[in-house]
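A.B. asks: In the order they appear, the protein sequences are chains L and W. Note that the working numbering has the first sequence beginning at 653, numbered continuously upward. Note that the working numbering has the second sequence beginning at 3, numbered continuously upward. The beta carbon of each residue, even a glycine, is placed where N, CA and C say it ideally should be. Below is one structure. I have some questions about it.
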Amino acid sequence: KNEVEQSPQNLTAQEGEFITINCSYSVGISALHWLQQHPGGGIVSLFMLSSGKKKHGRLIATINIQEKHSSLHITASHPRDSAVYICAARNYGGSQGNLIFGKGTKLSVKP
Amino acid sequence: SAVISQKPSRDICQRGTSLTIQCQVDSQVTMMFWYRQQPGQSLTLIATANQGSEATYESGFVIDKFPISRPNLTFSTLTVSNMSPEDSSIYLCSVVRDHVTNEQFFGPGTRLTVL
């Protein structure tokens, strides 16, 4: 069982829909990242969370430390949001770059 | 944020050859990393690039295959040596700007295909 699990693996939505991607982890973490990977391969860091909630534009990320669960929400989705969204956890006490990555959620937003 | 550029953005290489990938950051950063993403897989950390000294490699990765340099706080190179088709991957440079925010940023990646 992977230490970081994402669901769903694939998600198709209509433009304007509210989207939720979930991430569960089984290790103690010092931080959790949400990343966006476009088809070309480049990765954009969306959020880094250690508690609570963060919001940037139409994106919201939440984390519940007790339940070891995080969610990424996209409001008013748009075709340009189509990408792979990756959850990555830094082990508590782990080295800086050694993140545990989820397998990603492939989002496709149809016009 | 940190602006990271990588060169080349993609390449197609013959087996047995070597390719050096460059990573340039727009400002000084404390930590630089190299990751590999094989087709359909998650990212895997190859090594931490240390300024002025040998890189710190993760299990399964060795210096002879993936020599890394980091001559200063804004630049690093990763060489993929004696390539085989199994080395076909996206290679990503990543940085942590400082130990206060600890935010990690990723580069655009280099898509490598080995024939």
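Quick one: which residues of the segment 45-78 of chain W get their C-beta closer than 9 Å to a C-beta of chain L? List them in chain order.
C.D. replies: Leu45, Thr46, Leu47, Ala49, Thr50, Thr58, Glu60
A.B. asks: For lysine 705(L) and chain W, any beta-carbon pair shorter than 8 Å?
C.D. replies: Looking up residue 705(L) in the first sequence gives position 53. So no, lysine 705(L) is outside the interface.
A.B. asks: With distance defined between alpha-carbon atoms, name the residue in Ile752(L), Lys762(L), Leu759(L), Pro763(L) nearest to serine 44(W).
C.D. replies: Within the second sequence, residue 44(W) is the residue found at index 42, counting from 1. Taking serine 44(W) as reference, the option from Ile752(L), Lys762(L), Leu759(L), Pro763(L) with the minimal CA-CA separation is Ile752(L).
A.B. asks: Return no unless some Cβ of chain L is closer than 8 Å to the Cβ of leucine 94(W).
C.D. replies: Stepping through the second sequence from its first residue, residue 94(W) is reached at position 92. Leucine 94(W) counts as touching chain L.
A.B. asks: Reducing DSSP to helix, strand and coil, say where aspartate 733(L) ends up.
C.D. replies: The residue you call residue 733(L) lines up with position 81 of the first sequence. Here aspartate 733(L) carries a helix assignment [DSSP, helix/strand/coil].
A.B. asks: Assuming tyrosine 737(L) contacts threonine 757(L) under a Cβ cut-off of 8 Å, what Cβ separation, rounded to an integer in Å, is found between them?
C.D. replies: For the purposes of this step, residue 737(L) is identified with residue 85 of the first sequence, where counting begins at 1. For the purposes of this step, residue 757(L) is identified with residue 105 of the first sequence, where counting begins at 1. Yes, tyrosine 737(L) and threonine 757(L) are in contact; Cβ-Cβ is about 5 Å, under 8 Å.
A.B. asks: What's the call for valine 761(L), buried or exposed, on a 16-neighbour Cβ count within 10 Å?
C.D. replies: One-based indexing of the first sequence puts residue 761(L) at position 109. By the neighbour-count rule (16 or more Cβ atoms within 10 Å), valine 761(L) is buried.
A.B. asks: Glutamine 26(W) and serine 7(W) - do their beta-carbons sit closer together than 8 Å?
C.D. replies: Position 5 of the second sequence holds residue 7(W). Position 24 of the second sequence holds residue 26(W). For serine 7(W) and glutamine 26(W), yes; Cβs fall inside 8 Å.
A.B. asks: So for glutamate 657(L), helix, strand or coil by DSSP?
C.D. replies: Stepping through the first sequence from its first residue, residue 657(L) is reached at position 5. Of the three classes helix, strand and coil, the one that applies to glutamate 657(L) here is strand, per DSSP.
A.B. asks: Got a sec, what are the start and stop residues for the beta strand (DSSP E) arginine 12(W) sits in?
C.D. replies: Translated into positions along the second sequence, residue 12(W) becomes position 10. Looking at the DSSP string, the run of the beta strand (DSSP E) that includes arginine 12(W) is 12-15.
A.B. asks: Have a look at leucine 698(L) and serine 3(W) and give me their C-alpha separation to the nearest angstrom.
C.D. replies: Stepping through the first sequence from its first residue, residue 698(L) is reached at position 46. Stepping through the second sequence from its first residue, residue 3(W) is reached at position 1. Those two C-alpha atoms are separated by around 11 Å.
A.B. asks: According to DSSP, simplified to helix, strand and coil, what is proline 87(W)?
C.D. replies: Translated into the one-based positions of the second sequence, residue 87(W) becomes position 85. Three-state result, proline 87(W): helix.
A.B. asks: Going by C-alpha distance, which of Ser723(L), Gly692(L), Glu719(L), Ile717(L) is nearest lysine 707(L)?
C.D. replies: Taking the first sequence and counting its residues from 1, one reaches residue 707(L) at position 55. For the residues Ser723(L), Gly692(L), Glu719(L), Ile717(L), the minimum Cα distance to lysine 707(L) belongs to Ser723(L).
A.B. asks: Tell me the residue span of the beta strand (DSSP E) that contains serine 760(L).
C.D. replies: Numbered from its first residue, the first sequence carries residue 760(L) at position 108. 757-762 is the extent of the beta strand (DSSP E) around serine 760(L).
A.B. asks: Which bits of chain W does histidine 685(L) rub up against, with CB to CB less than 8 Å?
C.D. replies: Translated into the one-based positions of the first sequence, residue 685(L) becomes position 33. Per Cβ cutoff of 8 Å: Gln106.
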